[in-house]
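Chains as they are written, first to last, in the numbering used here: chain A, 1 to 171; chain B, 172 to 318.
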């Protein structure tokens, strides 16, 4: 496999690796490093790649493991930068800021979840993976994925409702 | 989409039971402008997911051409050479070869042949001696100069 063929193989999913890494590591720079590292490792696997049914699933699993390792080692803990590189929707400045605030807030909610739930949400909501694919990437069974996803979504809902009803309900 | 359907889907969604297609329906509904007021609170969530799809990896990849393979080939070539060498030693032991040069049965004939051979050798030696005569001349000249 030469370099061009390799690039062709990874092009469809390299952004997904990056987004997954960013979800886990939060900082863009760290996520870029992680993605590079995973892709270089993949490249070094060379012809062994052909043995795998899905290189994408393999790469996603490698990214997940790499990020979890990074999070475990103290290195990542003091580099939590919140980035706001969202798309410019050409709205008026005020609505834009308001919009960005709610999005930032959604991101914060999501990043407060446990790592595994974050992974599952990322794969399901953003990459739109099927349960079987998520199970393959995360090396767990489908029922467990479903349960964790439901739990994550419900946590988000609770947080949203808490914030939404703030000051309007007397309990 | 009807409100009832949306609410049903939303309930299924929080149970983790919606399919990808149904989730897409929900996302489409929340990205539209006519979301019912009591569901507006979920809009940012779905909106957030949508914006995240656009994030791209733009770094260049430092892919070095694999050195591994050339090293491997050199290894293979070297091992072949070693194998070949060993095989030659093993299958063709370098024993002195017994070449049959023929022999004489009659002693007189043998004597004549030996004489002939020795004569040939001495003739060749004499040819060599002739050229040595020049060397003596050289020696004389040297002595006259470096006295």
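Yeah, the Cβ is synthetic: ideal placement off N, Cα and C, and Gly gets one too. On a predicted model such as this, the values are computed, not experimentally measured, just so you know.
- Listed by position along chain B, the residues whose Cβ is nearer than 7 Å to that of residue 160(A) are 212, 213 and 216.
- Taking a contact as a CB-CB distance under 8 Å, the pair residue 17(A) and residue 63(A) counts as one, their CB atoms being some 5 Å apart.
- Our two residues, residue 104(A) and residue 235(B), have alpha carbons roughly 38 Å apart in a direct line.
- In the three-state reduction of the DSSP assignment, residue 263(B) falls in the coil class, being assigned neither a helical nor a strand state.
- Straight across, the Cα-Cα distance linking residue 303(B) with residue 288(B) is about 23 Å.
- Separation of the CB atoms of residue 202(B) and residue 185(B) is rounded to 19 Å, and the pair is thereby denied contact status at 8 Å.
- When the Cα atoms are used, residue 310(B) and residue 277(B) turn out to be separated by approximately 49 Å.
- The Cβ atoms of residue 223(B) and residue 19(A) sit closer than 8 Å to each other.
- Residues of chain B whose Cβ lies closer than 8 Å to the Cβ of residue 36(A) are, in chain order, 230, 232 and 233.
- Annotated three-state conformation of residue 235(B) is coil, per DSSP.
- Interface criterion not met: the Cβ of residue 245(B) is under 8 Å from no Cβ in chain A.
- Straight-line spacing of the CA atoms in residue 135(A) and residue 178(B) works out to 28 Å.
- Close CB contacts of residue 225(B) within its chain, under the 6 Å cut and outside five residues either way in sequence, are absent.
- The region 240-256 of chain B and the region 137-150 of chain A do not touch, with fewer than three beta-carbon pairs separated by less than 8 Å.
- The C-alpha of residue 37(A) lies about 23 Å from the C-alpha of residue 129(A).
- In the displayed model, residue 2(A) falls within coil according to three-state DSSP, outside both helix and strand.
- Closest in C-alpha terms to residue 195(B), from the list 221(B), 209(B), 212(B) and 227(B), comes 221(B).
- Take the alpha-carbon of residue 227(B) and the one of residue 29(A): they are about 13 Å apart.
- Ranked by how close their Cα comes to the Cα of residue 23(A), the residues 47(A), 124(A) and 45(A) have 124(A) in first place.
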